[in-house]
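Using the numbering used here, read the sequence shown as starting at 7 and increasing by one per residue. Idealized CB from N, CA, C, for every residue including glycine. Heads up, the thing below is written out as structure tokens.
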Amino acid sequence: MRVLTLAVSLVLLGSASTGVAAAAPPKCSDVGGTAGAGATCVITANDPAYTLNISFPTDFPNPNAVFDYVKQTRDGFINVAKTPDSRGMPYELDTTTTQYSSAVPPRGTQTVVFTTYQNVGGAHPLTFYKAFNWDQAYRKPITFETLFRPDTQPLPVIFPIVQAELAKQSGLPDPVSPTAGLDPANYQNFAITNDAIIFFFSQGELLPEAAGAVQVSVPRGPIDAMIA
């Protein structure tokens, strides 16, 4: 009986050890990068068909999501750049990041925003965003849907602020249609700070592609009571 118990214990211990090993965080080398200054991973590639530069933090609290996004962005670009009928070569991809944080009670947050410039021979080079937000208190990601309390309607408050700011930036009156301006799908990329929620809109998301990528800082005051 003791031998059987010991054997079972060793099997369980081995399974647990395997689980811990499998859960090891990704490394810069996993995506073909090299360590840069601080906790930064740098990926560079030069080819007759393309140039690629990606720099991102390796210490973000949700590393798997960050590394998965980097890998998808890199692989998707290279697959397009290597197609036989590629035109307008060399193609170019340049990705940088900006980090934000908030310490407003009851929880602190951390944000990393990816800004990617991509030229694959289209009518306009594209700039697009991807943001990852992390709840330091509950140790989980924050999305637009979980940023606000379930019983609130933040977009009727946010959209007029976004509309007014983009009117200033574009010089056009009411440049965003209400349908687009009230669609939560267009507000998925944001950063949380002590004073504002900064929304990032990729090229062609709210405005025509020719207007480029834009961002709008919405003061926390009008929406603070709705934040979860």
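Kindly indicate which residue of Asp81, Tyr123, Thr115, Cys47 has the alpha-carbon position closest to the one of alanine 234. Thr115
Quick check: the segment 170-189 against the segment 116-133, are there 3 or more CB pairs under 8 angstroms? no
State whether the segment 109-123 contacts the segment 35-53, with contact taken as three or more CB pairs (one from each stretch) at a distance under 8 angstroms. no
In this structure, what does DSSP give as the bridge partners for cysteine 47? Ala41, Phe62
Buried or exposed: where does glycine 183 fall if 16 or more other Cβ atoms within 10 Å of its Cβ makes it buried? Correcting the residue identity first, residue 183 is serine in this sequence and not glycine. It counts as exposed.
So, with DSSP's three-state summary, where would you put serine 208? It is coil, neither helix nor strand.
Closest to isoleucine 167 by CA distance: which of Ser223, Gly82, Thr101, Pro63 is it? Ser223
Three-state class that DSSP yields for asparagine 139 in the structure shown: strand
Give a yes or no on contact between the segment 149-163 and the segment 96-105, applying the rule of three or more CB pairs nearer than 8 angstroms. These segments do not touch.
Which term fits serine 208, buried or exposed, when burial requires 16 or more other beta carbons within 10 angstroms of its beta carbon? buried
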